[in-house]
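Scroll down for the structure; my scribbles are underneath it.
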Amino acid sequence: MPAQRADARRNYARILAVAEEEVATHGADASLEQIARTAGVGSATVRRHFPTRRALLEAVFRERIETLATRARELAEADDIRAALLDWLGALTVYSATVQGLAAALLRDGELDPEHANPCVDTLAEAGEPLLRRAERAGAVAPGVTPVDLVTLIAGIALATQHHPDPATEATRLLHLTVAGISPRG
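Each residue of the sequence shown is one higher than the one before, starting from 0 at the first, in numbering that gives the first Met the number 0.
Right, here's the structure in full:
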């Protein structure tokens, strides 16, 4: 694939920066037309760089999702694997609850869609798998729990608390209520 022209790279960066602001303000339903206007480009330019809304959202969240994935990989080596898993779930919960649009980006039509790839979910699930399996072997998680189960749980908590005055605190409280269901040790 040929390298992008300098103006195309600038447009991409400008569109992405504006999209980050718009999604932070308006969530996953941020207007693509408003993003184009604010970025100073046409709608066709936005569509050329991001053919779908999902592609744009994935780009907006990519860096932070990768940070959470890196954290999961680091925690997979922790001595107290239960505490490590709960640390990662807590970080994912707070981030999902405080960043407008992330929970919606993790879901397709209200649920995770196993038939279609979702890079946000795939990255989190792949990174969380070793952490989760180690916790399962240690008896810190009920057998059969999957990384996608955990991402679904967190996305649901984030959606349920998105209009709360303090979504991160409420989401964390709800996560603690669910821990007994995924982690048999209290």
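Don't be surprised by glycine CBs; every beta carbon is placed ideally from N, CA and C.
Keep in mind the model is a prediction, meaning the values are calculated, not measured.
Where residue i falls: helix, strand or coil (DSSP)
i, result
"phenylalanine 60", "helix"
"glutamine 33", "helix"
"histidine 25", "helix"
"asparagine 10", "helix"
"histidine 163", "coil"
"arginine 4", "coil"
"alanine 141", "coil"
C-beta contact flag for residue i and residue j at 8 angstroms
i, j, result
"valine 147", "alanine 124", "yes"
"isoleucine 156", "alanine 96", "yes"
"alanine 71", "glycine 127", "yes"
Cutoff 6 angstroms; reference residue i; Cβ partners in own chain excluding five residues on either side
i, result
"alanine 29", "Glu21, Val22"
"alanine 77", "Ala83"
"glutamine 161", "none"
Contacting residues, own chain, Cβ-Cβ under 7 angstroms from residue i (five flanking each side not counted)
i, result
"alanine 134", "Ile80, Arg81, Leu84, Val140"
"alanine 103", "Gly26, Ala27"
C-alpha distance - residue i paired with residue j, whole-angstrom precision
i, j, result
"glutamine 197", "arginine 136", "Past the edges of the chain, shown from 0 to 185, lies residue 197, and the structure says nothing about it."
"threonine 51", "alanine 75", "34 angstroms"
"arginine 172", "alanine 12", "37 angstroms"
"histidine 48", "alanine 54", "9 angstroms"
Neighbour flag for residue i against chain C, beta carbons, 8 angstroms
i, result
"glutamate 169", "Among the chains in the structure shown there is no chain C, since it carries only a single protein chain."
Spatial neighbours of residue i in its chain, beta-carbon cut-off 8 angstroms, leaving aside the 5 residues before and after
i, result
"alanine 35", "Ile14, Gly41, Ser42, Thr44, Val45"
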